[in-house]
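*Asks:* Mapping of the sequence shown onto my numbering: residues 94 to 620, in sequence order.
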Amino acid sequence: MSKLQQEVAKRRTFAIISHPDAGKTTITEKVLLHGQKLQKAGTVKGKKSGQHAKSDWMEMEKERGISVTTSVMQFPYRQSLVNLLDTPGHEDFSEDTYRTLTAVDSCLMVIDAAKGVEDRTIKLMEVTRLRDTPILTFMNKLDRDIRDPLELLDEVEDVLKIMCAPITWPIGQGKNFKGVYHLYRDETIFYKTGQGHRIQELDVVKGLDNPELDKRVGVYAEELREQIELVKGASHEFDLELFLEGELTPVFFGTALGNFGVDHMLDGLVDWAPTPQGRETDQGEMIHSDDDRFSGFVFKIQANMDPKHRDRVAFMRIVSGRYHQGMKMKHARTGKDVRIADALTFVAGDREHVDEAWPGDIIGLHNHGTIQIGDTFTWGDSFKFTGIPNFAPELFRRIRLKDPLKQKQLLKGLVQLSEEGAVQVFRPLASNDLIVGAVGVLQFDVVVHRLRSEYKVDAMYENIQVATARWVYSDDAKKFEEFQRKNDHNLALDGGDNLAYIAPTMANLSLTTERFPDVSFRHTREV
Ligand code: G4P
Numbered sequence: 094m095s096k097l098q099q100e101v102a103k104r105r106t107f108a109i110i111s112h113p114d115a116g117k118t119t120i121t122e123k124v125l126l127h128g129q130k131l132q133k134a135g136t137v138k139g140k141k142s143g144q145h146a147k148s149d150w151m152e153m154e155k156e157r158g159i160s161v162t163t164s165v166m167q168f169p170y171r172q173s174l175v176n177l178l179d180t181p182g183h184e185d186f187s188e189d190t191y192r193t194l195t196a197v198d199s200c201l202m203v204i205d206a207a208k209g210v211e212d213r214t215i216k217l218m219e220v221t222r223l224r225d226t227p228i229l230t231f232m233n234k235l236d237r238d239i240r241d242p243l244e245l246l247d248e249v250e251d252v253l254k255i256m257c258a259p260i261t262w263p264i265g266q267g268k269n270f271k272g273v274y275h276l277y278r279d280e281t282i283f284y285k286t287g288q289g290h291r292i293q294e295l296d297v298v299k300g301l302d303n304p305e306l307d308k309r310v311g312v313y314a315e316e317l318r319e320q321i322e323l324v325k326g327a328s329h330e331f332d333l334e335l336f337l338e339g340e341l342t343p344v345f346f347g348t349a350l351g352n353f354g355v356d357h358m359l360d361g362l363v364d365w366a367p368t369p370q371g372r373e374t375d376q377g378e379m380i381h382s383d384d385d386r387f388s389g390f391v392f393k394i395q396a397n398m399d400p401k402h403r404d405r406v407a408f409m410r411i412v413s414g415r416y417h418q419g420m421k422m423k424h425a426r427t428g429k430d431v432r433i434a435d436a437l438t439f440v441a442g443d444r445e446h447v448d449e450a451w452p453g454d455i456i457g458l459h460n461h462g463t464i465q466i467g468d469t470f471t472w473g474d475s476f477k478f479t480g481i482p483n484f485a486p487e488l489f490r491r492i493r494l495k496d497p498l499k500q501k502q503l504l505k506g507l508v509q510l511s512e513e514g515a516v517q518v519f520r521p522l523a524s525n526d527l528i529v530g531a532v533g534v535l536q537f538d539v540v541v542h543r544l545r546s547e548y549k550v551d552a553m554y555e556n557i558q559v560a561t562a563r564w565v566y567s568d569d570a571k572k573f574e575e576f577q578r579k580n581d582h583n584l585a586l587d588g589g590d591n592l593a594y595i596a597p598t599m600a601n602l603s604l605t606t607e608r609f610p611d612v613s614f615r616h617t618r619e620v
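Take a look at the structure:
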């Protein structure tokens with residue numbers, strides 16, 4: 094095996110998807126504890142204690158106690174090196190979350206076992222289905238009164254349309270949570286309370302029929318044996334191929350808070366989840382991770398992560414080849430060769446310089462406005478990786494300056510923030526208005542806050558009658574021109590100068606779509 098193949102084989106790059114409050118932050122903490130990156134779990138977050146997650150970078154997050162940024166954490170686990178891409182938990186930041194999911198090779202779905210499948214999980218699962226990303230499942234909060242485990246599996250199968258293969262099975266729940274039985278190792282692992290902040294010594298009994306089990310858990314032993322028989326009959330067996338195709342999910346039970354079961358999930362991740370996968374180009378070619386020519390794409394741009402480094406960082410997922418400090422790469426969109434002397438890597442919020450990085454890794458490039466979301470970097474060829482979407486905003490406001498002399502600064506700020514994907518900006522062809530479009534309401538606050546702190550402009554919003562926007566295209570130049578002529582009062586350019594139709598109402602949109610069948614109105618735009 095070449096060095097490149099060895100590095101690829103070691104890596105697993107994943108993200109966690111869940112409904113707010115299901116326990117994503119707590120699991121992240123325990124995962125890092127197992128990765129021995131944090132001495133003591135609990136430093137990631139403590140909303141109430143006033144401690145803040147190492148991954149909480151922006152001031153906004155601290156004020157609101159939510160995670161706005163996407164951070165990247167790398168840690169070793171067994172023989173592997175795991176990259177965990179944190180996704181913003183708040184529903185307002187769905188665009189960032191969606192794009193982060195294009196940069197991973199598998200996902201962990203965390204479900205609050207007292208609640209079952211919730212809205213946001215459904216939405217995020219839809220996104221992972223676009224690329225058939227393999228999914229692992231963690232049923233969390235077993236130390237509470239949860240729903241019937243078999244019923245939970247049924248719900249996942251029904252609602253999310255994915256087969257469930259339980260890997261572990263819980264013994265008791267709530268105050269009587271005793272531990273789990275591992276169906277494939279044929280062993281019972283016992284739960285001890287009060288071990289949330291350290292790696293526990295495993296307390297294990299081999300074999301389901303072992304009388305030791307009866308001694309330890311009494312009546313629960315017989316109940317477990319019956320349940321396991323039932324579960325084996327009623328659920329699916331783990332099948333690696335179906336998992337890799339995204340059709341079956343291995344399911345683990347545990348409590349993130351009690352730090353129990355997270356290691357079983359991590360074992361599943363390193364044993365089964367795919368190594369860094371290749372990506373398709375706009376030329377229909379697949380670039381594989383073991384291709385020794387360097388390539389990668391930018392899925393996220395973040396400003397101001399650390400007040401000490403007031404710069405913008407472009408997050409790049411390496412697709413193929415090796416990054417090394419000082420190397421030259423081609424910025425495909427501009428056609429320019431750039432020398433990268435100081436890429437960053439992210440270890441739970443600490444920024445460190447790396448000398449090399451490999452497929453599946455995320456590196457941060459300092460960006461002075463030339464890099465945009467979706468940009469591809471290559472060894473020298475000109476192509477673009479596909480599949481990084483921009484979503485049509487659903488909320489719109491007109492943005493106005495308090496000091497009209499700063500119009501130029503405002504425009505510059507908005508265009509830069511839209512390049513980052515923080516917000517979308519539309520400039521109507523027929524007026525001097527600036528319309529800000531967002532997928533979630535909180536984005537508006539973030540924009541005003543950042544305009545003030547980074548661009549020194551004070552802006553405010555006014556309501557505006559806009560229901561939605563669609564990017565418009567047509568193969569028929571004449572018809573397109575006619576369309577533009579008749580609709581110029583509803584047309585606008587976005588931050589990247591793409592033409593969009595701004596619909597005052599949904600009824601107007603459907604009417605216009607009908608009247609101009611040769612024009613396509615798109616809900617997403619490839620960045
Ligand atoms: P999120 O990132 O998905 O939004 O969830 P987070 O980890 O913040 O967890 C949400 C709440 O659920 C937190 O309580 C957390 O302590 C709790 N929690 C997480 N895992 C478990 C578990 O296995 N068992 C139990 N009983 N609770 C769990 P909180 O009081 O809202 O916040 P905090 O003050 O603890 O931060």
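The beta-carbon is built from N, C-alpha and C at its ideal position, and this holds for glycine as well. Remember, predicted model here, so these are calculated numbers, not experimental data.
Specify the secondary structure class of THR605 as computed by DSSP and reduced to three states.
*Replies:* Helix at THR605.
*Asks:* Alpha carbon to alpha carbon, what distance is there between ARG291 and GLY135?
*Replies:* Annotation note: pLDDT 41 at GLY135 (below 50); position unreliable, coordinate value reported separately. Roughly 10 Å between the two C-alpha positions.
*Asks:* Are the CB atoms of ALA102 and LEU229 nearer to each other than 8 Å?
*Replies:* Not a contact, by the Cβ cut-off of 8 Å.
*Asks:* Are the segment 511-523 and the segment 584-595 touching by the rule of at least three beta carbon pairs closer than 8 Å?
*Replies:* Yes: the two stretches touch, three or more of their Cβ pairs being nearer than 8 Å.
*Asks:* What does a CB cutoff of less than 6 Å around HIS616 pick up in its chain, not counting 5 residues either side in sequence?
*Replies:* These residues qualify, in order along the chain: ALA485.
*Asks:* With a cut-off of 8 Å on the beta carbons, I'd call MET409 and VAL391 a contact; round off their distance for me.
*Replies:* Indeed, because the Cβ distance is near 5 Å, the residues count as touching under 8 Å.
*Asks:* What number of angstroms, rounded off, separates the C-alpha of MET599 from the C-alpha of PHE489?
*Replies:* Going from the Cα of MET599 to the Cα of PHE489 covers about 14 Å.
*Asks:* So the candidates are GLU607, GLU487 and SER613; which of them puts its Cα closest to the Cα of ALA560?
*Replies:* Comparing Cα positions, the closest option is GLU487.
*Asks:* By DSSP, does ARG105 sit in helix, in strand, or in coil?
*Replies:* Residue state, collapsed to three classes: strand.
*Asks:* Is GLN395 helix, strand or coil when you go by DSSP?
*Replies:* Reduced to three states, the DSSP call for GLN395 is strand.
*Asks:* At a cut of 8 Å, does the segment 409-423 reach the segment 462-476 through at least three beta carbon pairs?
*Replies:* At 8 Å Cβ cutoff, the stretches touch.
*Asks:* Just to confirm the assignment, what range does the beta strand (DSSP E) spanning ILE411 have?
*Replies:* 405-413 is the extent of the beta strand (DSSP E) around ILE411.
*Asks:* Can you tell me which of the three DSSP states ASP430 falls into?
*Replies:* In this structure, ASP430 counts as strand in the three-state DSSP scheme.
*Asks:* Please work out which residues of its chain come closer than 6 Å, Cβ to Cβ, to ARG618, disregarding the five sequence neighbours upstream and downstream, and give them in chain order.
*Replies:* If we look at ARG618 and ignore the five residues flanking it on each side, its Cβ neighbours are ASN483 and TRP564.
*Asks:* By the three-class DSSP mapping on this structure, what secondary structure does GLN558 have?
*Replies:* Coil.
*Asks:* Cβ-heavy atom distance between LEU229 and the ligand G4P below 7 Å?
*Replies:* No, the ligand G4P has no heavy atom inside 7 Å of this Cβ.
*Asks:* Among ASP435, ASP385, LYS393 and ALA407, which residue has its Cα nearest to the Cα of PRO452?
*Replies:* Of ASP435, ASP385, LYS393 and ALA407, the residue nearest in Cα terms is ASP385.
*Asks:* Measuring alpha carbon to alpha carbon, tell me which of PRO169, VAL532 and MET553 ends up nearest HIS542.
*Replies:* Measuring from the Cα of HIS542, the nearest candidate turns out to be MET553.
*Asks:* Helix, strand or coil, according to DSSP, for THR617 in the structure here?
*Replies:* Residue state, collapsed to three classes: strand.
*Asks:* Please report the straight-line C-alpha distance between ILE159 and ARG372, rounded to a whole angstrom.
*Replies:* Only weak support exists for where ILE159 lies, its pLDDT of 37 falling under 50; the value from the coordinates is given anyway. Those two C-alpha atoms are separated by around 32 Å.
*Asks:* Only counting the same chain, and skipping five residues up and downstream in sequence, which positions put a Cβ closer than 6 Å to that of ILE475?
*Replies:* Before going further, note that residue 475 is Ser rather than Ile in the sequence given. Excluding positions up to five away in sequence, the list reads ALA425.
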